[in-house]
Every structure is written in C-alpha cells, then in structure tokens.
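> Going by this note's numbering, the sequence shown opens with residue 23, and the numbers climb by one from there. Where is the CB? At the ideal position from N, CA and C, for every residue including glycine. Please read these numbers as outputs of a predicted model, since none were measured by experiment.
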Amino acid sequence: MSIPVMQARDGRASVGMALCLAVACTLGCTASWTPKTARPQAVLQWPYLPSAAKVTYDHALTGLARNTSAATVLESVVFGKMEDRDSFVLPVAVATAGDGRIAVADMGRGCVHLYIPSAARYVCLSGSEREPLAAPVGVVFDDDSRLYVTDSVGRLFGFDAEGEIRFVLTKAGPQALQRPTGITYSPTKKALYVVDTLAHAVDVFGTDGAFMFSFGDRGTGPAQFNFPTHVTRAPSGELYVTDALNFRVSTFDENGRALGSFGHHGDGSGDLAMPKGIAVDRDGVIYVVDALFDNVQLFSRQGEFLLTVGARGVGFGEFWLPSGAFLSEHGDLYVCDTYNRRIQVFRVVSGYAQRAA
23 MSIPVMQARD GRASVGMALC LAVACTLGCT ASWTPKTARP QAVLQWPYLP
73 SAAKVTYDHA LTGLARNTSA ATVLESVVFG KMEDRDSFVL PVAVATAGDG
123 RIAVADMGRG CVHLYIPSAA RYVCLSGSER EPLAAPVGVV FDDDSRLYVT
173 DSVGRLFGFD AEGEIRFVLT KAGPQALQRP TGITYSPTKK ALYVVDTLAH
223 AVDVFGTDGA FMFSFGDRGT GPAQFNFPTH VTRAPSGELY VTDALNFRVS
273 TFDENGRALG SFGHHGDGSG DLAMPKGIAV DRDGVIYVVD ALFDNVQLFS
323 RQGEFLLTVG ARGVGFGEFW LPSGAFLSEH GDLYVCDTYN RRIQVFRVVS
373 GYAQRAA
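(1) Taking V145 as the reference, give the member of L112, G120, N362, P57 with the closest Cα.
(2) The beta strand (DSSP E) that contains D293, what's its start and end?
(3) So, for D182: in the same chain, excluding its five sequence neighbours on each side, which residues have a beta-carbon less than 7 Å away from its beta-carbon?
(4) Quick check: what's the CA-CA separation for P209 versus A117?
(5) In whole angstroms, give me the CA-to-CA distance for L355 and P154.
(6) Do the CB positions of M234 and V226 come within less than 8 Å of each other?
(7) Quick check: what's the CA-CA separation for A313 versus W55?
(8) Quick one: what does DSSP say T59 is sitting in, helix, strand or coil?
(9) Return helix, strand or coil for S350, following the three-state DSSP convention.
(10) Could you pull the DSSP bridge partners for W68 from this structure?
(11) Three Cβ pairs or more, each shorter than 8 Å: is that satisfied between the stretch 266-273 and the stretch 164-178?
(12) Give me the residue from R143, I365, G288 with the minimum Cα distance to H81.
(13) Run through the DSSP bridge pairs and tell me what N317 is partnered with.
(14) Drop a sphere of 10 angstroms on the beta-carbon of N362, count the other beta-carbons inside from all chains shown, and report buried for 16 or more, exposed for fewer.
(15) In whole angstroms, what separates the C-alpha of G278 from that of P250?
(16) Less than 8 Å between the C-beta atoms of T273 and G282, yes or no?
(17) So for L155, helix, strand or coil by DSSP?
(18) Helix, strand or coil for L343 per DSSP?
(19) Bridge partners for H287 per DSSP, in chain order?
(20) Which of the three DSSP states is assigned to T360 in this structure?
(21) For the beta strand (DSSP E) holding L191, just list the boundary residues, first then last.
(22) Beta-carbon separation of L343 and T330 under 8 Å?
(23) What do you reckon, are the CB atoms on Y215 and F163 nearer than 8 Å?
(24) Kindly indicate which residue of G292, V307, G149, N89 has the alpha-carbon position closest to the one of E260.
(25) Kindly indicate the opening and closing residues of the beta strand (DSSP E) around R255.
(26) With distances taken from CA atoms, which of S109, F327, F315, L349 is nearest R131?
(27) According to DSSP, V162 sits in a beta bridge with which residue or residues?
(28) Out of G339, E351, L83, state which residue places its alpha-carbon closest to the alpha-carbon of V77.
(29) With a CB to CB cut of under 8 Å and the five nearest residues on each side skipped, what residues in its chain are close to Q3?
(30) What span of residues does the beta strand (DSSP E) with A125 cover, start to end?
(31) Go ahead and pull the three-state DSSP assignment for S148.
(32) Give every residue of the same chain whose Cβ lies closer than 7 Å to the Cβ of A9, excluding the five residues on either side of it in the sequence, and list them in chain order.
(33) To the nearest angstrom, how far is the alpha carbon of L328 from that of I300?
(34) Going by beta-carbon coordinates alone, are V115 and V190 separated by less than 8 Å?
(35) Using the C-alpha atoms, what's the distance from P257 back to G373?
(36) Compare the Cα-Cα distances from A347 to each of V302, E276, Q200 and report the closest residue.
Shown next, in the form of structure tokens:
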C-alpha cells in the first residue's frame, strides 16, 4: 500500500513544479536587465589635480543583473540558486552602438554579452549548435546596430540587431581565416576591417560578409606586420593597427595604404611592451592599452608620448592584464580590465589642449 502513496506524493510534487514553471515562464517574458556597475567615492582624473583633466573615471561594469521578480524567485525555488552567468569572467573586447547597446566578448564564458538598454534586454550570444562561438575576441557594431564578432579559431560572425546569426565566414577570399582578432567598422566605406594575427594581415569585408581585399604581410616594413592584434578607425578616417611584436602602432588609410608608424620596445613611459587595444579620439589623441604595463598610454598624432592612465592593481583606475579598448561617439573610453573581470569606463575630455592652456 505504500507504493500508491509515494506515487501520489510524486504526482502532487510534479504538478506543483509544473505550475511553478508555468508561472515562472509567464513572468519571465517581462524580465528586464540593468548593468552591474560600481563607482569610486573620490574623483579620479589624469593628469592629477591641480592640472586640468584629460581623462576622468566614470564607472566599472562587471556584468548585467536581472531585475528581481516573481519569476526569478520561483526559479530559485524550483531549481535552486542559479549560476551567476551574467557576470563577466574574462572580458577581452567591447563595443557600443549609437542607441547605447553594448557588446562584450567574454573568453571565459565563450560568448558575447549583448545588452540593449532601450528594451532592458540581455542575451549571451554563443552562436548556434552547428556554429558555436569558441573564442570570441573582437566585437563591433555597424550603423544599423548589427553586430560582428571575430572568433579566433578562424571565423567571423555577423548578427542582426536582434542577435540572430546572419552569416559565418571562414575565408578571406581564397585564403582561410587563421586567427581573426581585432575588428573595426568604417561608416564611409561600409566595411569591416579584421586583423588576422597569424596571417600578419588585415582583411576587409562588406557588411554582407563579401570579401573586398586584404593588405599586409609579415615583416618590419611600412606595410608589414609581426603578429598584429587590434585595429581601430579614427573619427578622421585613418586606421590604427597594433603591430604587437614590432612593438609599434601602424597607420593606414581605408584603402590599406601605409601612412606611418610610431613606437618601440622598452620599459619606460612611451615605450611599448605588450600593446593591445587601441582607440583614437576626435582630437587625434591615441589611446594604447599595454597588457604588460597594466596601463593605457596616450600619444599624439605624431606618436609623441603624452600621458599614462592607470597602474597595476585591483582598485578603480587600476588594471590586471587589460586587453581591448573602445571609444564611443560620446567620448566614453571603455577598457577591458580582463583579469579583474570588468570593463572600466572613462570620460575623455575634448579640446584638452585649449582647456589646459
């Protein structure tokens, strides 16, 4: 007689769980998300006071938080404590779009965190079952908020504005993509510029995935690279490529014509040891992330050293093996503080030379 009683109890439990799941799913449809941020109590700026500020600290972003709702409470009751899957583990690249959405390539999660503030929507993009994202290392948006992701195992993903896959590329013309890493977008050319580190080249694609052309090969000449990693487009149109093992930053026009370079190996201010992420502001100031120095160095258009931002550490404005960087059209400088598991956001002051005079 004990067996039917146990079955009845199991049945009631199953019905209860099913009801909980149904309610959770219904409420979950309206779930919203907000960024998880932290701000220092004191004002941080570079150069330090009493000098006028060129860069000021704004906040640290560590992930996305799901707003508390009946759905999340029921989920925790039914399934137990949910894993904190919306926090960054190893953020290596970041980009924003005109509508404020942000994408973060997370090597630790093997996904790209996509947050759309207008809808308070968050999704962790991991590709598809057939084409999973293995090692996302670069992200950029185009004018229509479509997202492009480099996967260093040899693929370039294109997503639409809702996060659905549009294409997956494995070749640049007849050549296989070897290790695509840095990526940037040109609104004038409507083109994507993708660094292929192992090919020592930059490949150029249309926003539909069509291959256009490549430039660069291995060497130390003006149009050559030695394991390049990152690329950015200045507001004035020039392309800046981090030529990592040549310990320099090389400049090109949008047709791939070499315009010059600056930088050399060393361990002092203005030297480069492990250059990675790069960004350029409207005044032409160049921001170079150095993972070995754990800082961001600022240079003029001519390659003259201007300023260092940050140092090794875990506090606000300090870094631990930083990598990618991105400068938004609003003057927000995003730096991937990779091993501190966060994105640090700074404000860049325009017209600094006039203000400091």
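Let me spell this out:
(1) P57
(2) Careful: D293 lies outside any beta strand (DSSP E) and carries neither H nor E.
(3) R168, R188
(4) 15 Å
(5) 30 Å
(6) yes
(7) 31 Å
(8) strand
(9) coil
(10) V77
(11) no
(12) I365
(13) D312
(14) buried
(15) 14 Å
(16) yes
(17) coil
(18) coil
(19) L294
(20) helix
(21) 187-191
(22) no
(23) no
(24) V307
(25) 250-255
(26) S109
(27) Y170
(28) G339
(29) No answer is possible for residue 3: it lies beyond the span of the chain, which begins at 23 and ends at 379.
(30) 124-128
(31) coil
(32) Residue 9 lies beyond the range of the chain shown here (23 to 379); nothing can be said about it.
(33) 15 Å
(34) At residue 115 the sequence reads Ala, which differs from the Val that was named. Cβ distance not < 8 Å, so A115 and V190 don't count as in contact.
(35) 15 Å
(36) V302
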